[in-house]
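Under the working numbering, think of the first position of the sequence shown as 68, with each following residue one higher. We put the beta carbon where it would ideally sit given N, CA and C, even for glycine. Computed from a predicted structure; not experimentally measured. Worksheet for the structure shown next.
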Amino acid sequence: METKTKQNGSAKQDHATVKHDVQRKLAEEAMGKAPVQAKSVSTEKPKINLDDRIQKFEKLKGLATQRERLTQTLSELTKFNYNQDDSASFQIRDSHHLEFKTTNTNLIKLVTTHLQSTLEQRKTEIENEIVTFEL
């Protein structure tokens with residue numbers, strides 16, 4: 068701050084000097100008289116490794132393939148649920164050839180309904196992953 072003396076001899080502080088300096092500098096910058104300090108903004112995109120990008124692409128393809136298989140399985144299961152009659156059977160066999168088999172339509176309906184619900188949930192999860200996926 069500057070101190071100025073009035074004609075009557077008393078001291079007065081000039082508070083407007085800083086404000087006027089800022090206004091003068093802004094006016095000079097606007098008219099092109101004063102150099103403008105440029106902020107360094109990085110507009111370059113980070114370089115992406117080609118192998119990483121290919122791996123991400125393969126992962127996206129895998130997600131798309133999973134979604135397609137789930138869609139097909141759900142379609143077949145829906146057809147089964149709507150076209151089954153009282154003569155349906157359900158069979159599960161493991162790698163040791165142990166098996167479980169039933170013709171109980173209530174049990175079959177329960178299993179297929181639960182399976183359909185689980186597959187639909189998984190399909191939704193995969194679709195969300197695909198939508199939010201970034202290459």
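What beta strand (DSSP E) runs, 3 residues minimum, are completely inside the region 89 to 169?
157 to 160 and 166 to 169
To the nearest angstrom, how far is the alpha carbon of residue 125 from that of residue 148?
34 angstroms
Determine the burial state of residue 193: buried for a count of at least 16 other Cβ atoms within 10 Å of its Cβ, exposed for fewer.
buried
Can we say the region 156 to 163 touches the region 85 to 100, given the rule of at least three CB pairs closer than 8 angstroms?
Contact between the region 156 to 163 and the region 85 to 100 is not established, with fewer than three Cβ pairs separated by less than 8 angstroms.
Cutoff 7 angstroms; reference residue 178; Cβ partners in own chain excluding five residues on either side:
Excluding residues within five positions, the ones whose Cβ falls inside 7 angstroms are 157.
Short Cβ contact (7 angstroms threshold) for residue 123 with residue 186:
no
Considering only C-alpha positions, which residue in the set 182, 199 and 94 is nearest to residue 143?
182
Rounding to the nearest angstrom, what Cα-Cα distance links residue 197 and residue 151 in this structure?
34 angstroms
Could you say which of 168, 180 and 170 lies nearest to residue 141 if we only look at CA atoms?
Closest option to residue 141, Cα to Cα, is 180.
Let me make sure I understand the geometry here. Which of 110, 120, 115 and 134 has the alpha-carbon closest to that of residue 38?
Not covered by the structure: residue 38. The range shown for the chain is 68 to 202.
If the criterion is Cβ atoms closer than 7 angstroms, does the pair residue 137 and residue 200 meet it?
Pairing residue 137 with residue 200 gives a Cβ-Cβ distance that is not under 7 angstroms.
What's the gap between the Cα of residue 176 and the Cα of residue 117?
Approximately 49 angstroms between the Cα atoms of the pair.
Taking only three categories from DSSP, how would you classify residue 202?
coil
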